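S.K.: Heads up: the sequence shown begins at 1 in full-length UniProt numbering, then just goes up one per residue. Think of the CB as a built atom: it goes at the ideal place given N, C-alpha and C, for glycine as much as any other residue. Keep in mind the model is a prediction, meaning the values are calculated, not measured. Quick one: the structure is below, and I'll ask about it shortly.
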Amino acid sequence: MGKIYINGISSISPQYENIFEEGSPQVYNENILKALEVDYKSVIKPMMLRRMSKAVKMGLFCSKKVLLEVGVDIPDAIIVGTGQGCMQDTEKFMTNMLESGEGLLSPTSFIQSTHNTVAGQIALNLKCKAYNMTFTQNSVSFESALIDALLQMEDKNVNNLLIGGVEETSAEFTGFQKLDKQIKDENIRNLDLFKSKTEGTIISESASFFSLGTERSATSYAEFKDVEIFNSIEISKLISKVENFLKRNNTSVSEIDAVILGRNGDARYDHYYDELQDGIFSEKCQIGYKHLVGDNNSVSSYAFWLASKILKENKIPEIFKLNTLNCSNPRNILIYNQYLGRNHGLIYLQGF
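Here it is, written out as structure tokens:
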């Protein structure tokens, strides 16, 4: 298969996109982080915005920004990863059903609550009739979408592919997440997340979208090399799994310049990251991001955005660093994420 280039990127999260350049983070003292509002009206008609959930707005905005950046009107395929889909409309439909005593209901909220709503709305807005797929695989939803992207790009007719990950928060569902200790009981300052020694993490909403292409341009960010997911693994076998993944891509730990880790302050499962930080990557620049943007099922797409920025700008902002090691010329970046000890994902990007 030929090379796959990251030609356009866009992200919405609890941090402004210019955090990479400015290094000035938004500080929160709560455990459920909302994505910052952006100028949606700049690319989406106001009348359409009124009927859109947060996930649809974020997904469509990022998609149109990406396509404008690369100068593509209609992509050859659209692939979206989302673990929870449009939860706000799901809750709205369920609430209406309870309040009406299971009587007659407007189907609008139900229709807009399905997981493939974001990908569908993007296609409708762009008038794109090409391949359209949504992956709902819990915390490896975006990685699953990337695997499909690799398969789609084997088709010589697919030259420009739109891919992204998106999640929104909702009142009732986050309540369930608190009950099963996914969210910390105590409020915590987001920048202090990695110092935490308690259960759970901070939950957020975000969207990150990308244009993948078969041709490199002068403005391309990096090359997307490979991705792998595995549902569960004994911690003693994690290092060998990473080494085998790198070997499959004709590289090794010694050639990796930086590793982006999904460390999230959950004392029950951060030992997976300890295994790598204290082991094979102890002499590498280590990068974190969940203390800034929180955690959700598709947040690894933000790590993909971050890696793309690092490889293009050839620098690693201090606010993202987990250790004090410097990397003056990052070229090979590995992303590793897991959630609740399951759904482990590896993504490999290479700069030019």
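Tell me the rounded alpha-carbon separation between Ala55 and Leu105.
M.R.: In the sequence shown, residue 55 corresponds to position 55, counting from 1. In the sequence shown, residue 105 corresponds to position 105, counting from 1. Distance between the alpha carbons of Ala55 and Leu105 is about 23 Å.
S.K.: Can you give, in chain order, each stretch of the beta strand (DSSP E) that sits fully within the UniProt domain "Beta-ketoacyl synthase-like N-terminal" (42–163) and has at least 3 residues?
M.R.: Here the runs fully enclosed are 77–81 and 131–135.
S.K.: What span of residues does the alpha helix (DSSP H) with Asp274 cover, start to end?
M.R.: The residue given as residue 274 occupies position 274 in the sequence shown. Start and end: His271 to Gln277.
S.K.: Which of the three DSSP states, helix, strand or coil, is assigned to Ala35?
M.R.: Start at 1 with the first residue of the sequence shown, and residue 35 comes out as number 35. If DSSP states are grouped into helix, strand and coil, Ala35 belongs with coil.
S.K.: Relative to the C-alpha of Leu238, which residue among Val38, Leu212 and Tyr273 is closest?
M.R.: Here residue 238 is taken as the residue at index 238 of the sequence shown, counted from 1. Of the listed residues, the one whose Cα sits closest to Leu238 is Tyr273.
S.K.: Can you tell me where the alpha helix (DSSP H) holding Gln177 begins and where it ends?
M.R.: Taking the sequence shown and counting its residues from 1, one reaches residue 177 at position 177. Start and end: Ala171 to Leu179.
S.K.: For the region 28–37 against the region 195–210, do three or more pairs of beta-carbon atoms, one drawn from each stretch, fall closer than 8 Å, so that the two count as touching?
M.R.: Short answer: they touch.
S.K.: Check for me: the beta strand (DSSP E) holding Val27 runs from which residue to which?
M.R.: One-based indexing of the sequence shown puts residue 27 at position 27. Premise fails: Val27 is in no beta strand (DSSP E) and is neither H nor E.
S.K.: Would you give the residue range spanned by the beta strand (DSSP E) that Phe209 belongs to?
M.R.: In the sequence shown, the residue the question calls residue 209 occupies position 209. Element bounds for Phe209: Ser206 to Gly213.
S.K.: For the beta strand (DSSP E) that Val227 lies in, which residues bound it at each end?
M.R.: Here the question's residue 227 lines up with position 227 in the sequence shown. Looking at the DSSP string, the run of the beta strand (DSSP E) that includes Val227 is Ala222 to Phe230.
S.K.: Using C-beta distances below 8 Å, list every residue in its chain close to Glu17, excluding the 5 sequence neighbours before and after it, in chain order.
M.R.: Numbered from 1 along the sequence shown, position 17 holds the residue referred to as residue 17. Result list for Glu17: Ser10 and Ser11, in chain order.
S.K.: Gln121 to Gln137, Cα distance in whole Å?
M.R.: For the purposes of this step, residue 121 is identified with residue 121 of the sequence shown, where counting begins at 1. For the purposes of this step, residue 137 is identified with residue 137 of the sequence shown, where counting begins at 1. Taking the straight line joining both Cα atoms gives about 20 Å.
S.K.: According to the Cβ coordinates, are Lys284 and Val259 closer than 7 Å?
M.R.: The sequence position of residue 284 within the sequence shown is 284, counting from 1. The sequence position of residue 259 within the sequence shown is 259, counting from 1. Going by C-beta atoms, Lys284 is nearer than 7 Å to Val259.
S.K.: Return the first residue and the last residue of the beta strand (DSSP E) that Leu261 is part of.
M.R.: Walking along the sequence shown from the start, residue 261 turns up at place 261. That run of the beta strand (DSSP E) goes Ala258 to Leu261.
S.K.: Do Arg189 and Asp257 have their C-beta atoms closer together than 7 Å?
M.R.: Within the sequence shown, the letter at position 189 stands for residue 189. Within the sequence shown, the letter at position 257 stands for residue 257. Result no, Cβ atoms of Arg189 and Asp257 do not sit closer than 7 Å.
S.K.: Quick one: give me the first and last residue of the alpha helix (DSSP H) that Ile239 is part of.
M.R.: What you label residue 239 is simply residue 239 of the sequence shown in a count that begins at 1. Taken as a continuous stretch (DSSP letters only), the alpha helix (DSSP H) holding Ile239 covers Leu238 to Arg248.
S.K.: Assuming Gly81 and Ala145 are in contact, meaning their beta carbons sit under 8 Å apart, how far apart are those beta carbons, in whole angstroms?
M.R.: Residue numbering aside, residue 81 sits at position 81 when the sequence shown is read from its first letter. Residue numbering aside, residue 145 sits at position 145 when the sequence shown is read from its first letter. Indeed they touch by this definition, with Cβ atoms about 4 Å apart.
S.K.: Comparing alpha-carbon positions, which option in Lys127, Lys181, Ile235 and Gly213 lies nearest Asn157?
M.R.: By one-based count along the sequence shown, residue 157 stands at place 157. Among Lys127, Lys181, Ile235 and Gly213, the Cα nearest to that of Asn157 belongs to Gly213.
S.K.: Restricting to Cα atoms, I'd like to know which of Arg342, Gln338, Tyr336 and Lys225 is closest to Ile6.
M.R.: For the purposes of this step, residue 6 is taken as residue 6 along the sequence shown, with counting starting at 1. Cα-wise, what sits closest to Ile6 is Lys225.
S.K.: Would Gly265 pass as a contact of Leu193 if the rule is Cβ separation under 7 Å?
M.R.: As a working mapping, residue 265 is identified with position 265 in the sequence shown. As a working mapping, residue 193 is identified with position 193 in the sequence shown. Against a cut-off of 7 Å, the Cβ pair of Leu193 and Gly265 comes out as a contact.
S.K.: Check each candidate in Ser328, Lys45 and Tyr336 and name the one with the smallest Cα separation from Lys312.
M.R.: Taking the first residue of the sequence shown as position 1, residue 312 is located at position 312. Here the closest residue by C-alpha is Ser328.
S.K.: Using only alpha-carbon positions, find the residue among Glu228, Ile4, Ser232 and Leu150 that is nearest to Asn244.
M.R.: Taking the first residue of the sequence shown as position 1, residue 244 is located at position 244. If we check each option's Cα against that of Asn244, Glu228 comes out closest.
S.K.: How many angstroms separate the CA atom of Ala149 from the CA atom of Glu99?
M.R.: Here residue 149 is taken as the residue at index 149 of the sequence shown, counted from 1. Here residue 99 is taken as the residue at index 99 of the sequence shown, counted from 1. About 42 Å.
S.K.: DSSP state of Glu167, grouped into three classes?
M.R.: Residue 167 sits at position 167 when you count from the first residue of the sequence shown. Here Glu167 sits in strand by DSSP.
S.K.: Three-state secondary structure (DSSP) at Asn297?
M.R.: Along the sequence shown, one-based indexing puts residue 297 at 297. Reduced to three states, the DSSP call for Asn297 is coil.
S.K.: If the criterion is Cβ atoms closer than 7 Å, does the pair Ala255 and Gln350 meet it?
M.R.: What you label residue 255 is simply residue 255 of the sequence shown in a count that begins at 1. What you label residue 350 is simply residue 350 of the sequence shown in a count that begins at 1. First, the amino acid is wrong: residue 255 is Glu here, not Ala. Contact flag unset, no.
S.K.: What are the residues that DSSP puts in a beta bridge with Cys285?
M.R.: The residue labelled residue 285 in the question sits at position 285 within the sequence shown. Beta-bridge pairing links Cys285 to Ala258.
S.K.: Let me make sure I understand the geometry here. Which of Ser208, Gln286, Glu318 and Val299 has the alpha-carbon closest to that of Val66?
M.R.: To locate residue 66, count along the sequence shown from 1; it is residue 66. Checked all of Ser208, Gln286, Glu318 and Val299; the closest Cα to Val66 is Ser208.
S.K.: Comparing alpha-carbon positions, which option in Asn96, Arg50 and Thr134 lies nearest Ala77?
M.R.: On the sequence shown, position 77 is the one that residue 77 refers to. Among Asn96, Arg50 and Thr134, the Cα nearest to that of Ala77 belongs to Thr134.
S.K.: May I ask which residues mark the beginning and end of the beta strand (DSSP E) holding residue 366?
M.R.: No answer is possible for residue 366: the residues shown for the chain start at 1 and end at 352.
S.K.: Is Tyr16 helix, strand or coil by DSSP?
M.R.: Translated into the one-based positions of the sequence shown, residue 16 becomes position 16. Looking at Tyr16 - three-state DSSP - the assignment turns out to be coil, as it is neither helix nor strand.
S.K.: By how many angstroms is the C-alpha of Ser42 removed from the C-alpha of Leu68?
M.R.: Taking the sequence shown and counting its residues from 1, one reaches residue 68 at position 68. Taking the sequence shown and counting its residues from 1, one reaches residue 42 at position 42. Those two C-alpha atoms are separated by around 12 Å.
S.K.: Should Tyr336 and Leu261 be called a contact, given that it needs their Cβ atoms to be closer than 7 Å?
M.R.: Stepping through the sequence shown from its first residue, residue 336 is reached at position 336. Stepping through the sequence shown from its first residue, residue 261 is reached at position 261. In contact: Tyr336 and Leu261 (Cβ atoms closer than 7 Å).
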